[in-house]
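One structure below.
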Amino acid sequence: MRLSGLLVGGLLGAAATVYLSKRRPGAVAWAGHALSDVSSRIARKSMSKIMNNNWKEEAVTMAPKHSDDTAAKSEAAWEQIEAIVESDPAVKREAEKIKAESSSISH
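Take the position in the sequence shown, starting the count at 1, then add 2; the result is the number in this note's numbering.
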């Protein structure tokens with residue numbers, strides 16, 4: 003939207019308001035109250051939807067589920083890592099070095 007369109011629209015709206023207020027003085031006040039009531043209703047409905055939403059249920063349904071095969075997969079992965087470490091002497095030395103460093107650090 004161009005600035006000139008915004009300015010012309012604002013001027014037309016102001017002119018219509020002045021015209022309407024001269025012809026029917028209570029119409030502008032009535033329109034203001036009606037707009038206020040509508041916006042209040044919308045705000046109330048929005049807040050009630052937010053407040054009534056069961057956040058705990060949604061969090062539980064979206065959380066990842068623990069399955070029985072997770073332990074088996076984890077065990078297989080650790081066995082594979084151990085086999086790789088055991089197969090390469092340089093990797094084995096580095097792993098032992100890391101273990102020694104981590105055990106000497108007090109938590």
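All C-beta atoms in this analysis are idealised placements derived from N, C-alpha and C, irrespective of residue type, glycine included.
Just so it is clear, the structure is predicted and the values come from calculations on it, not from any experiment.
Which whole-angstrom value is the C-beta distance of residue i and residue j, which I expect to be below 8 Å?
{"i": "Val87", "j": "Ala102", "result": "15 Å between Cβ atoms; not a contact."}
{"i": "Val10", "j": "Thr19", "result": "Contact doesn't hold; Cβ gap of about 15 Å is too wide."}
In chain order, which alpha helix (DSSP H) runs of at least 4 residues are fully inside the stretch 9-43? Within the stretch 9-43, no complete alpha helix (DSSP H) run reaches 4 residues.
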